[in-house]
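**Q**
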Amino acid sequence: DVKVTQSSRYLVKRTGEKVFLECVQDMDHENMFWYRQDPGLGLRLIYFSYDVKMKEKGDIPEGYSVSREKKERFSLILESASTNQTSMYLCASSRQGRRNYEQYFGPGTRLTVT
Amino acid sequence: KQEVTQIPAALSVPEGENLVLNCSFTDSAIYNLQWFRQDPGKGLTSLLLIQSSQREQTSGRLNASLDKSSGRSTLYIAASQPGDSATYLCAALKTGTASKLTFGTGTRLQVTL
Numbered sequence: 328d329v330k331v332t333q334s335s336r337y338l339v340k341r342t343g344e345k346v347f348l349e350c351v352q353d354m355d356h357e358n359m360f361w362y363r364q365d366p367g368l369g370l371r372l373i374y375f376s377y378d379v380k381m382k383e384k385g386d387i388p389e390g391y392s393v394s395r396e397k398k399e400r401f402s403l404i405l406e407s408a409s410t411n412q413t414s415m416y417l418c419a420s421s422r423q424g425r426r427n428y429e430q431y432f433g434p435g436t437r438l439t440v441t
Numbered sequence: 210k211q212e213v214t215q216i217p218a219a220l221s222v223p224e225g226e227n228l229v230l231n232c233s234f235t236d237s238a239i240y241n242l243q244w245f246r247q248d249p250g251k252g253l254t255s256l257l258l259i260q261s262s263q264r265e266q267t268s269g270r271l272n273a274s275l276d277k278s279s280g281r282s283t284l285y286i287a288a289s290q291p292g293d294s295a296t297y298l299c300a301a302l303k304t305g306t307a308s309k310l311t312f313g314t315g316t317r318l319q320v321t322l
């Protein structure tokens, strides 16, 4: 079974803090993704990585950065957290290839910025 | 730009009913379409993936169909149970987008006793 884990289920941070969200997958997947999910807006892709040290911007990268130093781990960084970054953050992974491969999701991190 | 729409936004049915959830997409140039389930406050669970060359996929009481020419997919749930209550999301993988899915906003299903 594919397992995608996220470091925290719930997180409360203050405005201006630097925030790290960690995601680990155990299936040797090449692709990893960070999404945020907001009511009425659905899931939106923040960043995507297709290999170690490789990254690509998604639809809403502003205010975020990412790091992928090892294949199994993909980190999302909020350099200076703001209240509009309060959201549910979901990590996913998949095998390489566009046609066939499902994306598998972690349990999510509910981040509140006060 | 690909847009994915799910109607209705919410649905309530009595236990035992068969039901259909709808998903439409604006750009038919897709590699595949994936259906997910999400329980409140949780992550997404993949239910079914239909390749662009396929017409349908089945898993247990679930059957998903795909009609690329009309830009539609449906998820059929047979003999619904209270445990099926969740939000159901569809997502399309557009060609040339390097594994990036476009999600619908979901249909929230409640199956009542």
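Protein chains in written order, with the numbering used here: chain W, 328 to 441; chain X, 210 to 322. C-beta atoms are modelled at their ideal positions from N, C-alpha and C, and glycine is treated no differently. Please read all numbers here as calculations on a predicted model, not as lab measurements.
Using 10 angstroms around the beta-carbon of residue 347/W, count the other beta-carbons present and answer buried if the total reaches 16, otherwise exposed.
**A** Residue 347/W is exposed by the Cβ-count criterion.
**Q** Run through DSSP, which three-state label would residue 412/W get?
**A** In this structure, residue 412/W counts as helix in the three-state DSSP scheme.
**Q** Short of 7 Å Cβ to Cβ, which residues in the segment 265-276 of chain X face chain W?
**A** Here the close residues number zero.
**Q** Got a sec? Which residues, its chain only, sit under 6 Å from residue 386/X by beta carbon, not counting five neighbours each side?
**A** With chain X covering only 210 through 322, there is no way to say anything about residue 386/X.
**Q** Classify residue 293/X as helix, strand or coil using the three-state DSSP reduction.
**A** Helix at residue 293/X.
**Q** Taking buried to mean at least 16 other C-beta atoms within 10 Å of its own C-beta, is residue 320/X buried or exposed?
**A** Label assigned to residue 320/X: buried.
**Q** Distance, Cα to Cα, residue 215/X vs residue 432/W?
**A** Whole-angstrom Cα-Cα distance: 20 Å.
**Q** What residues from chain X crowd round residue 421/W, counting only those whose CB sits closer than 7 Å?
**A** In chain order: 308.
**Q** With a Cβ-Cβ cutoff of 8 Å, do residue 230/X and residue 284/X count as a contact?
**A** Yes, they are a contact pair.
**Q** Measure the C-alpha to C-alpha separation of residue 438/W and residue 294/X and round it to an integer number of angstroms.
**A** Their backbone Cα atoms lie some 25 Å apart in a straight line.
**Q** What number of angstroms, rounded off, separates the C-alpha of residue 394/W from the C-alpha of residue 350/W?
**A** When rounded, the distance between both Cα atoms is 11 Å.
**Q** Any idea if residue 300/X is buried or exposed, counting beta-carbon neighbours within 10 angstroms, 16 or more meaning buried?
**A** When all chains shown are included, residue 300/X counts as buried.
**Q** Kindly say whether residue 237/X, judged by its beta-carbon, lies nearer than 8 Å to any beta-carbon of chain W.
**A** No, its Cβ sits nowhere closer than 8 Å to a Cβ of chain W.
**Q** In three-state terms, what does DSSP make of residue 337/W?
**A** Here residue 337/W sits in strand by DSSP.
**Q** Name the chain W residues that come within less than 7 Å of residue 252/X, Cβ to Cβ?
**A** Per Cβ cutoff of 7 Å: 417, 432, 433, 434, 435.
**Q** Report yes or no: is there a C-beta of chain W within less than 8 Å of the C-beta of residue 284/X?
**A** Taking Cβ atoms only, chain W never reaches closer than 8 Å to residue 284/X, which makes this a no.
**Q** Taking DSSP as the reference, what is the three-state secondary structure of residue 263/X?
**A** Coil.
**Q** Work out the CA separation of residue 407/W and residue 392/W for me, nearest whole Å.
**A** The straight-line gap from Cα to Cα measures roughly 11 Å.
**Q** Among the residues of its own chain, which have a CB less than 6 Å from the CB of residue 252/X, if the five just before and after it don't count?
**A** No residues qualify anywhere along the chain.
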